[in-house]
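Here the working numbering is used: the first residue of the sequence shown is 422, the next is one more, and so on. Written out below as structure tokens is the structure these notes cover.
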Amino acid sequence: MTLTPGAPRFLLIAAPLALIALWTAVSFRPRPPPIPLAHSAYLWQREWTDGVREALRRNQPFIAEWAVLVAEVEFRAGAAPRVARVMPDYTALRESGRPVSFAIRVAPWAGSFDPDRPETGFLRQLARELLQEARQHGIEAAALHLDFDAATRQLDSYRHWLDALREAITPTPLVFTALPTWLNSPAFARLTQAADRYVLQVHSWEAPQTPDQPFTLCDPGRAKQAITRAARLNRPFLVALPTYGYRAWFDGQNRLLGLSAEGPALTATGGVRLREVRADPVAMAGLVHWLETHRFEALRGVIWYRLPLPEDRLSWSEPTWQAVMRGQSPVAKTGLTLEKSANGLVELSVQADGDADSVLDTSVRLDWRQARLIAADGLAGFTVNRIASDTLRLQPPSQPLRLAPGQRALIGWLRFNQPPEISAHVDTPPAP
């Protein structure tokens, strides 16, 4: 720029300053918040009860996609395959407004995976029928999942099944379940090319060998290692995390008698020992937070096994699950309520006020004045221990009382000659 005599010299300074201001505005413009991690859920229930339908409706706002079990297959050498069909409520799925994938579970198979084998043809035909059935109910499948726990040595052969299914169901995407041990095999990278994406299952339902053996359904450290390795393959994948738990029974010689992952609460008797293993919501919340902050390019989200139901006593409650999906550690808050009657009856209830289960494994102390105790008793497994004329403790059962968020239980009552002044508090557990 040429300046004539008397021209304003501030132009020489103003132009660079304007460029600096523009650069600063662009460089320090706030970044948009990252898109939240997508959360999907398996519906692996074999019976579609009203409880399943209600859980589907309640959790619809938090879920990006449902993955629904529709068939379980067992191949047998020299015999026809066994097939157990699951009939989902297509109306409930459609009304949820969420994409729906359908899953086929195949039992372990040691035979051939060759494309011309009857087993391969059976899977092709079954997949077509299942997708067509969904279309007849107004649902176009978002994907077809194949859940098969192949041995690592079978991966190259297993690819024949995936190739055949992908061709049979196109353009519907194909998804398969993968185990962390597969990541060590060169065949796994080739396997990922035979499907549109895969689910890396970092939880494991395996029985502890003894009642006292430390065991976890999902170790966060090992899960992070597997996820990091999977991300390096640069193939689309989801991570499967657990919401469930199970019980294991052992005899007097510490031999495993059986496992149960669903159904009513059972107790151990006659020398039989019971071990419960549950998914740790605090650990899983930390893992979700880690996934949110380490947004691997190939990661498409988290898929939870499985949709929690109120009647499934070993799975998380819905408030716990929803907190974990936000990457927040659920917190247990236990409240006590004393209900007094004019006739001197006092009832003590305990309630879970947090978003994690409340486990009452310590005693509850009650102190009173200006009344004489006539009778008292514990409920829900609690027993009375009178320790003074104006004090007693309600001792917890050997198997602690567990309440899901929002649940309430009556644990004892006291009868006085007149309405007392009374207080209750949970005893502080002794230091280890």
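Ideal Cβ placement from N, Cα and C applies to all residues, glycine included.
For Arg-650 and Pro-657, the gap between their C-alpha atoms comes out near 13 angstroms.
Listed in chain order, the alpha helix (DSSP H) elements of length 4 or more contained wholly in the region 625–694 are 641–653. Your pair Leu-514 and Val-489 checks out as a contact, with CB atoms roughly 7 angstroms apart and the cut at 8 angstroms.
The three-state secondary structure of Glu-760, taken from DSSP, is strand. Ile-456 carries a coil assignment under DSSP once its states are collapsed to helix, strand and coil. At a cut-off of 3 residues, the continuous stretches assigned as beta strand (DSSP E) that sit fully inside the region 542–601 are 565–569, 595–599. With respect to the C-alpha of Phe-609, the residue from Arg-580, Gly-499, Asp-584, Glu-493 having the closest C-alpha is Arg-580.
Under the three-state reduction of DSSP output, Ala-513 falls in the helix class. Taken through DSSP and simplified to helix, strand or coil, Phe-803 comes out as coil. Runs of the alpha helix (DSSP H) lying entirely within the region 703–745 and spanning at least 4 residues: none are present.
Three or more beta-carbon pairs separated by less than 8 angstroms are not found between the region 690–700 and the region 760–772, which leaves the two stretches without contact.
When only Cα atoms are considered, Ile-525 and Pro-821 end up about 38 angstroms apart. With respect to the 8 angstroms criterion, Phe-837 and Leu-794 are classified as neighbours on the basis of their beta carbons. Cβ contact annotation for Leu-600 (same chain, cutoff 7 angstroms, sequence separation greater than five): Asp-570, Gln-622, in chain order. In the three-state reduction of the DSSP assignment, Trp-469 falls in the coil class, being assigned neither a helical nor a strand state. For the pair Ala-528 and Leu-638, the Cα-to-Cα distance works out to about 21 angstroms. Take the alpha-carbon of Glu-588 and the one of Val-521: they are about 20 angstroms apart. Taking C-beta separations shorter than 8 angstroms and ignoring five residues to either side along the sequence, the partners of Arg-538 in its chain run Gly-532, following chain order. Excluding the 5 residues flanking it on each side, Thr-598 has same chain C-beta neighbours closer than 8 angstroms at His-566, Leu-567, Asp-568, Phe-569, Asp-570, Tyr-619, Val-620, Gln-622, Ala-661, in chain order.
Contact check for Lys-754 and Pro-840: beta-carbon distance about 28 angstroms, past the 8 angstroms limit, so the pair fails to qualify. In the DSSP assignment, Ser-522 forms a beta bridge with Ala-488. The C-beta separation of Val-745 from Gly-775 comes to about 13 angstroms, leaving the pair out of contact by the 8 angstroms criterion. Taken through DSSP and simplified to helix, strand or coil, Arg-793 comes out as coil.
Taking a C-beta distance under 8 angstroms as the contact criterion, Ser-606 and Phe-534 do not qualify as a contact pair. Contact annotation: Gln-749 and Ala-777 have beta-carbon atoms that are not nearer than 8 angstroms.
Around the beta carbon of Pro-817, 16 or more other beta carbons sit within 10 angstroms, so the residue counts as buried. Secondary-structure assignment with DSSP links Asp-788 through a beta bridge to Thr-812, Ser-844. Measuring C-alpha to C-alpha distances from Thr-783 to each of Trp-834, Arg-807, His-846 identifies His-846 as the nearest.
Inclusion of Tyr-511 and His-460 in the CB contact set at 8 angstroms is not warranted, their separation being larger than that value.
In the three-state reduction of the DSSP assignment, Phe-496 falls in the strand class.
Here DSSP, grouped into helix, strand and coil, assigns Trp-834 to strand.
Around the beta carbon of Glu-739, a 10 Å sphere encloses 16 or more other beta carbons of the protein chains shown; the residue is thus reported as buried. Secondary structure of Thr-613 (DSSP, three-state): helix. It is roughly 27 angstroms from the alpha-carbon of Gly-673 to the alpha-carbon of Val-780.
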